[in-house]
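Visitor: Before anything else, here's the structure in question.
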Amino acid sequence: MNVSLPTDWARFLLAASVLLTGCADTRPTTTNDTMADTSPPDTTMESDAVGQTGQQADPEGRRMALDRDVSLLKSPQPPVNASVRSSGAFARGILDDSVTTSVENVEARVDSLLDEMTLEEKVGQMTQLTLSMVSKDPHQDNPSAIREHELSPEKLRNVVVEHHVGSILNVTGQAFSVDHWAEVIRQVQRTAMEETRLGIPILYGIDAVHGANYTREAVLFPQNQGLAATWNPALAQETAAITARDVRASGIPWNFAPVLDMGREPRWPRLYETFSEDAHLTNVMGLGMLRGYQGTDVSNASRVAGTLKHFVGYSVPESGLDRTPARISDIEMREHHLKPFRKAIEAGAKSIMINSGEVNGVPAHASSYLLQDVLREELGFEGVAVSDWLDVKKLVNVHHVAENEREATKMAVMAGMDMSMVPTDLSFYDHLVSLVRDGEVPESRVNEAVRRILRLKFQTGLFEEPLRGLEQAEQVGSTRDRRVSLQAARESVTLLRNRETDQGAPLLPLSRTQDVLVTGPTAHSMQSMHNGWSYTWQGGGAAQKMFPEERPTLMEAVRERVGTDGMTYVPGATLTDPERMDEAVAAAREADVAVVALGEGAYAETPGNLNDMVLPPAQRTLLRRVADTGTPVALVLIQGRPRLLNDTADLPDAMLTAYNPGPEGGQALMEVMYGAVNPSGHLPYTYPRSSVGMRTYDRKYSENQDRQGGMSGFDPLFSFGHGLSYTRFDYSDLTVSRDSMTTGALQNGGQVEVEVTVTNAGERRGQDVVQLYLSDLVASVTPSVKELTRFAKIDLAPGERTRLSFSLRTDDFSFIGRDGEPVVEPGTFRVAVHNLSTSVDLVGDRFLTEGPNRSPEERGTTSSLK
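Residue numbering for the sequence shown follows the working numbering, beginning at 7 and increasing consecutively.
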């Protein structure tokens with residue numbers, strides 16, 4: 007392998023201060039040096055500050071060392087079988103088997119305990135503080151070392167015994183070992199159970215969003231966006247089940263996941279945490295993850311209580327910038343954003359986290375409409391509503407809807423917040439006690455919130471066994487877990503383009519005999535493969551030393567495949583600047599093929615805000631110059647959102663996107679490129695061609711208009727659901743069980759069965775995602791061009807065929823009408839699968855389905871248009 011190091015690696019970059027965001031302990035430090043190990047200065051601000059800085063990953067990116075000893079994981083058979091089960095059947099299976107607890111007499115025990123509690127003890131239960139508040143040393147994410155951590159018994163007693171605090175969250179800047187987690191949780195629970203008057207255990211919470219990412223030994227998985235690209239909900243469920251076991255093995259019963267925000271704004275820096283721009287795909291993947299976390303018995307030692315994030319509308323800020331205003335019509339809210347939450351609540355979700363932003367001019371934390379009218383009354387949610395980080399304080403200093411924190415506390419509690427993630431002082435506790443004593447907040451409202459919190463503590467088995475799950479520590483980080491992560495990465499990799507070269511065959515898969523250049527800023531980066539929420543909040547700092555040493559990057563995996571003589575590696579560029587680009591171009595001229603790996607580094611939340619969706623000029627220049635050599639180019643994108651390629655988009659002969667595939671992503675990408683794995687990933691979003699064309703696939707017909715007055719204006723780079731294979735799948739014999747049905751029959755439980763045959767007409771085994779779309783051709787509210795209604799992932803040998811059946815029901819034909827109610831109207835519906843289509847006619851009267859203001863008994867009433 008030909009590798010040379012740059013001579014001037016060490017650069018010091020100071021990151022701009024950003025608003026503190028998210029459920030992460032992010033007290034201030036500065037950005038780390040690019041390669042050197044230097045400790046940042048401590049610039050800690052006061053604990054009640056709203057604007058703070060966090061440890062950010064280097065904007066230029068951070069490569070791994072070149073002398074690492076890595077190996078490829080042997081995993082010939084996927085540990086989770088592909089299922090031909092319809093997405094609808096998968097979802098119904100979860101909804102029909104809701105979550106319970108094996109703990110007995112929960113309600114009676116909650117009532118009895120609540121009757122014994124003083125006001126101070128109740129308010130303490132509603133208070134959540136970060137672990138730094140009970141730790142000896144101030145938070146400092148030092149990139150030069152993996153820090154030791156120690157609790158302060160004095161601080162812990164002050165918080166838990168003197169102020170009755172009922173919940174603690176997070177780490178102190180970086181992940182802990184599973185053994186240290188056990189020490190922390192034992193000390194915390196011992197103090198709560200043995201030194202307080204009532205012995206109420208602490209409800210500890212953590213953000214474990216793609217594996218137990220704050221437990222060092224745990225196996226991490228692709229970020230949610232990559233999981234959604236597998237279109238395999240059973241696989242997503244298994245990753246969540248492993249996460250739940252590892253979180254519980256760390257002594258933690260409460261996980262702040264899954265994220266059910268709709269990924270419909272590609273500029274948003276948390277896009278990689280979402281599943282999809284589509285409600286159905288988000289529904290199904292979210293239900294799978296929720297079931298993996300909670301199981302059917304949330305008190306089980308290998309399960310945790312899940313948290314639906316972030317209720318609701320957080321993910322579509324008009325500016326594309328994190329925590330900035332969203333304006334969402336009632337129809338848009340109900341057609342898209344509420345749907346995943348509605349289903350997950352029906353499936354038994356135990357808690358929700360409130361949107362940090364504002365919707366239609368009202369911060370979600372101050373919105374009784376969202377938190378009571380919609381969440382409680384319409385959706386029937388009975389669990390705990392927890393705030394996000396600092397968001398009561400932000401009602402004063404960010405949103406300016408309250409004059410002071412006392413008023414903000416009253417506003418949030420009366421709106422419907424049950425627990426405040428304060429998180430670095432006791433202000434919420436002091437203000438709420440005072441508000442109740444002064445008669446400004448009724449104690450009945452406090453009782454309501456505390457009842458929900460105590461219920462969750464009983465349901466998770468904390469009172470019976472506060473250390474439940476620690477005995478599973480030896481299972482954390484198993485080889486099987488790695489194989490599940492590898493399977494998820496393999497199935498997520500999406501082949502977007504594969505043109506024929508001058509040799510008359512598609513560029514991919516590559517051959518071992520080809521001399522290959524590997525270049526680009528993400529080719530040798532674990533930060534890019536993991537992104538944020540990986541050992542640290544931002545995925546930078548100390549995370550660089552916590553990435554598993556034996557896992558290969560893309561460059562290392564290619565080296566393991568072809569040997570050192572068959573590959574040349576030249577960086578070519580950092581994420582932001584050229585770096586030995588001339589050498590990379592010269593090496594491309596000598597290579598048979600060039601693999602150019604571009605994309606993003608690590609970021610989370612507000613630090614990931616963009617000024618421009620286009621990839622930085624240095625990256626696009628590298629791609630252009632390598633392509634100009636005439637050597638065939640395979641472009642690999644490793645990124646958290648679909649960054650624009652502009653005038654370089656058509657240059658690569660082959661294109662793959664890996665999203666943020668996690669620790670096994672390097673091997674998975676190499677296996678796909680060399681044909682050891684047949685790609686089966688499909689886009690969970692629309693990949694835009696330009697900044698003006700960033701529209702979702704389920705657009706309105708008017709969005710198809712072009713400059714010439716035609717209807718061909720929707721022209722994304724790659725469509726939602728797109729994904730190629732090394733084999734060919736033929737679709738045939740699309741049929742519907744009835745081409746006409748009365749609305750009355752549908753209303754009374756009638757179904758339309760859709761069947762289609764799929765044949766593997768190629769020469770190798772492969773997986774495909776069968777996608778069924780429904781189009782309402784005419785409606786009283788402008789309809790979408792099409793909407794994903796069902797899908798199934800299939801696995802077929804060469805020559806094998808299968809016939810799939812999908813059942814369409816009332817909900818599939820309904821939409822949110824002009825009066826805000828879900829309605830079914832007569833008309834023609836186009837049913838499309840792949841390149842086939844047919845239609846179903848509904849005849850009769852329009853009828854309302856079960857909606858926000860209608861009981862099941864009222865369903866079926868006809869109504870006039872408004």
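For each residue, glycine too, the CB sits at the ideal point set by N, CA and C. Computed from a predicted structure; not experimentally measured.
Give the DSSP bridge partners of Tyr278, in chain order.
Guide: None; Tyr278 has no bridge partner.
Visitor: Spatial neighbours of Glu52 within its chain, please: C-beta separation below 8 Å, excluding the five flanking residues on both sides.
Guide: The predicted model places Glu52 with a pLDDT of 32, which falls under 50 and marks its position as unreliable, so this point remains unresolved.
Visitor: In whole angstroms, what separates the C-alpha of Ala307 from that of Ala198?
Guide: 20 Å
Visitor: Figure out for me which residue from Gly294, Asp303, Leu233, Glu271 has the closest Cα to the Cα of Gly326.
Guide: Glu271
Visitor: Please confirm if the region 362-378 is in contact with the region 395-415, defined as three or more CB-CB distances below 8 Å between the two stretches.
Guide: Touching, yes, given that three or more Cβ pairs across the two stretches are closer than 8 Å.
Visitor: Could you give the DSSP three-state label for Pro346: helix, strand or coil?
Guide: Looking at Pro346 - three-state DSSP - the assignment turns out to be helix.
Visitor: According to DSSP, is Trp260 helix, strand or coil?
Guide: Assignment of Trp260 by DSSP, reduced to helix, strand and coil, places it in the strand class.
Visitor: May I have the straight-line CA-CA distance separating Val602 from Val642, to the nearest angstrom?
Guide: 6 Å
Visitor: With DSSP as the reference, identify every bridge partner of Arg809, one or two as the case may be.
Guide: Thr763
Visitor: For Ser725 and Ser357, what's the separation of their Cα atoms in angstroms?
Guide: 34 Å
Visitor: Among Ala494, Ala408, Glu113, Arg254, which one has its Cα closest to the Cα of Ala234?
Guide: Comparing Cα positions, the closest option is Ala494.
Visitor: Using a Cβ-Cβ cutoff of less than 7 Å, which residues in the same chain neighbour Gln757 once the five nearest sequence positions on both sides are dropped?
Guide: Ser813, Leu814, Arg815
Visitor: Looking only at its own chain, which residues have a Cβ that is under 6 Å from the Cβ of Lys161, when we skip the five neighbours before and after it?
Guide: Val140
Visitor: Which residues does DSSP pair with Tyr693 in a beta bridge?
Guide: Phe724
Visitor: Near Asp583, what residues of its chain come up, given a Cβ to Cβ distance below 7 Å and the 5 sequence neighbours on each side ignored?
Guide: Glu66, Ala624
Visitor: Is the region 472-479 close to the region 122-136, with three or more CB pairs under 8 Å?
Guide: Pairwise C-beta distances place the region 472-479 out of contact with the region 122-136, as fewer than three of them are shorter than 8 Å.
Visitor: Taking the C-alpha atoms as reference points, what is the distance between Trp543 and Gln61?
Guide: 8 Å
Visitor: How would you write the range of the beta strand (DSSP E) that Ser92 sits in, first residue to last?
Guide: No beta strand (DSSP E) holds Ser92; DSSP gives it neither H nor E.
Visitor: Nearest by alpha-carbon distance to Thr106: which of Gln300, Ala640, Val318 is it?
Guide: Shortest Cα-Cα distance from Thr106 to any of Gln300, Ala640, Val318 involves Gln300.
Visitor: On the DSSP letters alone, give me the boundaries of the alpha helix (DSSP H) that Glu200 sits inside.
Guide: 184-201
Visitor: For Lys80, count neighbouring C-beta atoms within 10 Å of its own C-beta (all shown protein chains included) and say buried if the count is 16 or more, exposed if not.
Guide: It is exposed - the Cβ of Lys80 has fewer than 16 other Cβ atoms within 10 Å.
Visitor: What distance in whole Å lies between the Cβ atoms of Gly605 and Ser534, which are believed to be in contact at a cut-off of 8 Å?
Guide: Sure, about 6 Å apart at Cβ, within 8 Å.
Visitor: Measure the alpha-carbon distance for Gly292 versus Lys463 and round it to whole angstroms.
Guide: So the alpha carbons of these two residues sit roughly 23 Å apart.
Visitor: Going by C-alpha distance, which of Ser731, Asn261, Arg705, Asn684 is nearest Asp721?
Guide: Checking every option, the nearest Cα to that of Asp721 belongs to Arg705.
Visitor: Taking its Cβ as the centre, do 16 or more other Cβ atoms sit within 10 Å of Asn754, making it buried, or is it exposed?
Guide: exposed
Visitor: Taking Gly483 and Glu223 to be in contact with their CB atoms under 8 Å, please state how far apart those CB atoms are, rounded to whole angstroms.
Guide: Your pair Gly483 and Glu223 checks out as a contact, with CB atoms roughly 4 Å apart and the cut at 8 Å.
Visitor: Checking 7 Å against the spacing of the C-beta atoms, do Val775 and Val837 come in under that value?
Guide: no
Visitor: Alpha carbon to alpha carbon, how far is Val419 from Val225?
Guide: 38 Å
Visitor: Identify whether Gly605 lies in helix, strand or coil by the three-state DSSP scheme.
Guide: Residue state, collapsed to three classes: strand.
Visitor: Short of 8 Å in beta carbon distance, which residues of its chain neighbour Tyr375, apart from the five on each side in sequence? Order them along the chain.
Guide: Val368
Visitor: Hey, out of Ala597, Pro638, Leu662, Lys551, whose CA is closest to Arg74's CA?
Guide: Lys551
Visitor: Determine which residues share a DSSP beta bridge with Met679 and list them.
Guide: For Met679, which the question treats as bridged, DSSP gives no partner whatsoever.
Visitor: Straight-line CA distance for Arg796 to Arg329?
Guide: 32 Å
Visitor: Quick check on DSSP: helix, strand or coil for Gln58?
Guide: At Gln58, the pLDDT of 40 sits below 50, so the modelled position is not reliable and the matter cannot be decided from this model.
Visitor: Quick one, are the C-beta atoms of Ala479 and Val184 less than 7 Å apart?
Guide: yes
Visitor: With a Cβ-Cβ cutoff of 7 Å, do Asp267 and Ser321 count as a contact?
Guide: yes
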